[in-house]
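Presented below is the structure to which this report refers.
There are 2 protein chains.
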Amino acid sequence: MSITIRDVAEAAGVSTATVSRALRGLPHVDPETRERVRQVAAELDYVVSPSASRLASGRTGTIAVITPFIDRWFFSSVLSGVSDVLQERDVDLLVFEVGDPGTNPGLPPERRLRGRVDGLIVVTLPTDAMRVADLLMLGLPTSFIGTTWEGSTSVTIDDISAGRVATQHLINLGHKRIGMISGRPRASTSQSHRAQGYREAMEGAGLAPDGSLEAYGYFSVQGGEDAMTALLSRPNPPSAVFVMSDDMAFGAIRALQRHGIRPGSDIAIASIDGHELAELLDVTTVRQPVVDMGRTAAEALLARMVDDATEPEEIISPTTLIVRGSSVPQERTAQVAGSQGRSASSGDA
Amino acid sequence: MSITIRDVAEAAGVSTATVSRALRGLPHVDPETRERVRQVAAELDYVVSPSASRLASGRTGTIAVITPFIDRWFFSSVLSGVSDVLQERDVDLLVFEVGDPGTNPGLPPERRLRGRVDGLIVVTLPTDAMRVADLLMLGLPTSFIGTTWEGSTSVTIDDISAGRVATQHLINLGHKRIGMISGRPRASTSQSHRAQGYREAMEGAGLAPDGSLEAYGYFSVQGGEDAMTALLSRPNPPSAVFVMSDDMAFGAIRALQRHGIRPGSDIAIASIDGHELAELLDVTTVRQPVVDMGRTAAEALLARMVDDATEPEEIISPTTLIVRGSSVPQERTAQVAGSQGRSASSGDA
DNA sequence: TTGAAAGCGCTAACAC
DNA sequence: GTGTTAGCGCTTTCAA
Numbered sequence: 001m002s003i004t005i006r007d008v009a010e011a012a013g014v015s016t017a018t019v020s021r022a023l024r025g026l027p028h029v030d031p032e033t034r035e036r037v038r039q040v041a042a043e044l045d046y047v048v049s050p051s052a053s054r055l056a057s058g059r060t061g062t063i064a065v066i067t068p069f070i071d072r073w074f075f076s077s078v079l080s081g082v083s084d085v086l087q088e089r090d091v092d093l094l095v096f097e098v099g100d101p102g103t104n105p106g107l108p109p110e111r112r113l114r115g116r117v118d119g120l121i122v123v124t125l126p127t128d129a130m131r132v133a134d135l136l137m138l139g140l141p142t143s144f145i146g147t148t149w150e151g152s153t154s155v156t157i158d159d160i161s162a163g164r165v166a167t168q169h170l171i172n173l174g175h176k177r178i179g180m181i182s183g184r185p186r187a188s189t190s191q192s193h194r195a196q197g198y199r200e201a202m203e204g205a206g207l208a209p210d211g212s213l214e215a216y217g218y219f220s221v222q223g224g225e226d227a228m229t230a231l232l233s234r235p236n237p238p239s240a241v242f243v244m245s246d247d248m249a250f251g252a253i254r255a256l257q258r259h260g261i262r263p264g265s266d267i268a269i270a271s272i273d274g275h276e277l278a279e280l281l282d283v284t285t286v287r288q289p290v291v292d293m294g295r296t297a298a299e300a301l302l303a304r305m306v307d308d309a310t311e312p313e314e315i316i317s318p319t320t321l322i323v324r325g326s327s328v329p330q331e332r333t334a335q336v337a338g339s340q341g342r343s344a345s346s347g348d349a
Numbered sequence: 350m351s352i353t354i355r356d357v358a359e360a361a362g363v364s365t366a367t368v369s370r371a372l373r374g375l376p377h378v379d380p381e382t383r384e385r386v387r388q389v390a391a392e393l394d395y396v397v398s399p400s401a402s403r404l405a406s407g408r409t410g411t412i413a414v415i416t417p418f419i420d421r422w423f424f425s426s427v428l429s430g431v432s433d434v435l436q437e438r439d440v441d442l443l444v445f446e447v448g449d450p451g452t453n454p455g456l457p458p459e460r461r462l463r464g465r466v467d468g469l470i471v472v473t474l475p476t477d478a479m480r481v482a483d484l485l486m487l488g489l490p491t492s493f494i495g496t497t498w499e500g501s502t503s504v505t506i507d508d509i510s511a512g513r514v515a516t517q518h519l520i521n522l523g524h525k526r527i528g529m530i531s532g533r534p535r536a537s538t539s540q541s542h543r544a545q546g547y548r549e550a551m552e553g554a555g556l557a558p559d560g561s562l563e564a565y566g567y568f569s570v571q572g573g574e575d576a577m578t579a580l581l582s583r584p585n586p587p588s589a590v591f592v593m594s595d596d597m598a599f600g601a602i603r604a605l606q607r608h609g610i611r612p613g614s615d616i617a618i619a620s621i622d623g624h625e626l627a628e629l630l631d632v633t634t635v636r637q638p639v640v641d642m643g644r645t646a647a648e649a650l651l652a653r654m655v656d657d658a659t660e661p662e663e664i665i666s667p668t669t670l671i672v673r674g675s676s677v678p679q680e681r682t683a684q685v686a687g688s689q690g691r692s693a694s695s696g697d698a
């Protein structure tokens, strides 16, 4: 069939062991020998057989990303960041889309992972602790993104701060009845942290969070629209709403428009994400550096795979409040429409 | 280390060969034996070693998706569809993000693919024919998405028709000066087909396509905005524009808004894609079933991998024109058409 | 229907 | 610095 290490060894007049060493850049190889082997390998257009190499070495050169979705902004951005660094380092990326926990149809990937990968990146699997524990039982180095996990490396934003910053921004604008659209009833720690930030800001301003001003948007555009519609139909609707994701904020804005309410000047919206289209839709948001978070998680994982002694760390990515038209000062809506992107940073490692 | 086929064989009192056959559902195994082996394997929680199996069989049980991007709507949707069917069939999905042709930093994946996968899905690599030819030289079954390739399976929409339908829709609305925003100077066949559809519709209506009404939007939101801005600054701007992708249409609409021009009533827009947010932004678009296209391509590929005799086929996915607020009948706007119509607008939806 | 045995192509001790 | 030699854990003839 194809060229094997033996062909290279013969052509170069050395043993297969030497070829292996030379090509992998291991020490204890004469520079001349190494060069000759390289030359010959190149001429023959030799490529190591991954299966053979994996079987013999026990390493797969592959990492898996476990993600609920592929085709949503947050997740595809993360994937792209991960892919970036893996490709640089010549590591294969295996993707497992596991769907919403609960609705999940596919088998748990745990058995499908054994012997296939050297490391794992788990993207915001909402508190489906059982499943995550199964994954960890594989004993592989693991990085989490968007969620922390005791004893594991993770890359998140400071969700409490993000919720607080967005809410405080609305408070600073003069709002007092500030609602909240969150994801789903019992979701991730990330979600409860954002809610906590919201409450902290409210209480810090002497405002009582009002349960009747909260609704679930299920992290989707449609869900956000429904949630906002629900809030608008309450006896005493909010004058501003903190929304936990840009997608839901988009839906919320559509709901406002359908009710003839102007986003920003009539009811203010602030959310979290930094979705590409938030600018287009003029949505105030706390941006999280999602692609970078993917990169960071991948780098941390590779570091741990190379050097097992590396300690797991909880990495906090910085966020930035980006003020746009969906939040304008309460009493002065007629005044200066405001510069685009007055922004302030928060959060550091 | 972990349980091997030998452990199972011994525990079941058969040879490893029988275990292998039994577990893979091959014929010529006594039903009782098979059941016993299954039982034992389950008790031992045995999982075949992929590396060993791959080395021995020469099959990898893996397919690769080669895509310019991961984190854009079209591509992540395709990936999601592909992932769906692969996961059902227990096939691993390897993702290679190769970036924009030209700007491409990563090595050509061709060498990285050898021996790693049993099949390939190539997603709209714009006419970077050299690279594609390299990929095909691997001799692997290959499916294309968004592009056709002589002698290969492909899943596309009828791009000519899509361009024609979108343009005809604008014509039907009464527009005569219809511009076009396309991707980039020499891009994919898909792009030139859409342009051809545009011209066919124009000529069919006795309208002369006007080169001064065409601009490039580079398939991005920002690019679409720039392109529309450029069109608006031409001596005699269009009253309607056919835009080749929703992302660019979003940008185009922003450009209109920044110029105080109402999308739809002042200048009409129709595009192609069916992006999730096109509904939110009220954009008329020819929807392509992107997730399904991914599924279809994966299924076609698997079919060819199983049965080499399967003929390659060019699969055309159906499209649907979805009319929204970005294109409304011309009569209502005839008085402003043709000039840089500005009209004070008050919020209607 | 089952088993014995020969690899698949490479890596990793261990000698030299 | 380099070669020899065992495997890695499975699949697949070929015989029985």
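Residue numbers (the numbering used here), protein chains in the order written: chain A, 1 to 349; chain B, 350 to 698. All residues carry an ideal CB built from backbone N, CA and C; glycine is no exception. For clarity, every value in this text was computed on a predicted model and none was experimentally measured.
Secondary structure of residue i, DSSP reduced to three states
i       : result
T367(B) : helix
S49(A)  : coil
Q689(B) : For Q689(B), the predicted structure reports a pLDDT of 33, less than 50, and the residue's modelled location is therefore unreliable. A value from the coordinates is still provided. Residue state, collapsed to three classes: coil.
R287(A) : strand
A314(A) : Before going further, note that residue 314(A) is Glu rather than Ala in the sequence given. Here E314(A) sits in strand by DSSP.
T333(A) : In this predicted model, T333(A) has a pLDDT of only 43, less than 50, meaning its place in the structure is not dependable enough to derive any value.
S675(B) : coil
D420(B) : coil
T516(B) : helix
S346(A) : Confidence is the limiting factor: at S346(A) the pLDDT is only 46, short of 50, which leaves the residue's position unreliable, though a coordinate-based value still follows. Looking at S346(A) - three-state DSSP - the assignment turns out to be strand.
A309(A) : coil
T645(B) : helix
D449(B) : coil
I621(B) : strand
S426(B) : helix
I3(A)   : coil
L670(B) : strand
I267(A) : strand
D433(B) : helix
E110(A) : helix
L55(A)  : helix
I160(A) : helix
R480(B) : helix
R262(A) : coil
L605(B) : helix
R304(A) : helix
Beta-carbon proximity of residue i to residue j, cut-off 8 Å
i       : j       : result
T167(A) : Y198(A) : yes
L68(A)  : G99(A)  : For the record, residue 68(A) in the displayed sequence is Pro; it is not Leu. Contact flag set, yes.
G573(B) : A601(B) : yes
L301(A) : S143(A) : yes
I665(B) : T496(B) : no
G410(B) : V434(B) : no
L140(A) : D118(A) : yes
S429(B) : I63(A)  : no
A390(B) : T382(B) : no
V471(B) : L442(B) : no
L280(A) : A401(B) : no
G512(B) : Y567(B) : no
Run of the alpha helix (DSSP H) containing residue i, from where it starts to where it stops
i       : result
V65(A)  : Where V65(A) is concerned, there is no enclosing alpha helix (DSSP H), although the beta strand (DSSP E) it sits in stretches over 62-67.
T33(A)  : 31-44
V472(B) : Here V472(B) belongs to no alpha helix (DSSP H); instead the beta strand (DSSP E) covers 468-472.
First and last residue of the uninterrupted beta strand (DSSP E) at residue i
i       : result
V504(B) : 502-506
L94(A)  : 92-97
I145(A) : 142-145
What are the complete beta strand (DSSP E) segments, minimum 3 residues, inside the segment 176-252 of chain A? Entirely contained in the segment 176-252 of chain A, the beta strand (DSSP E) runs reaching 3 residues are, in chain order, 178-182, 214-216, 240-243.
Would the segment 641-649 of chain B and the segment 606-621 of chain B be scored as touching if the rule is three or more Cβ pairs under 8 Å? Not touching, per the Cβ criterion.
Cβ contact check for the segment 580-591 of chain B and the segment 629-638 of chain B: 3 or more pairs under 8 Å: Not touching, per the Cβ criterion.
Any 3 or more C-beta pairs closer than 8 Å across the segment 655-664 of chain B and the segment 516-527 of chain B: When C-beta atoms of the segment 655-664 of chain B are compared with those of the segment 516-527 of chain B, fewer than three pairs fall below 8 Å, so the two segments do not count as touching.
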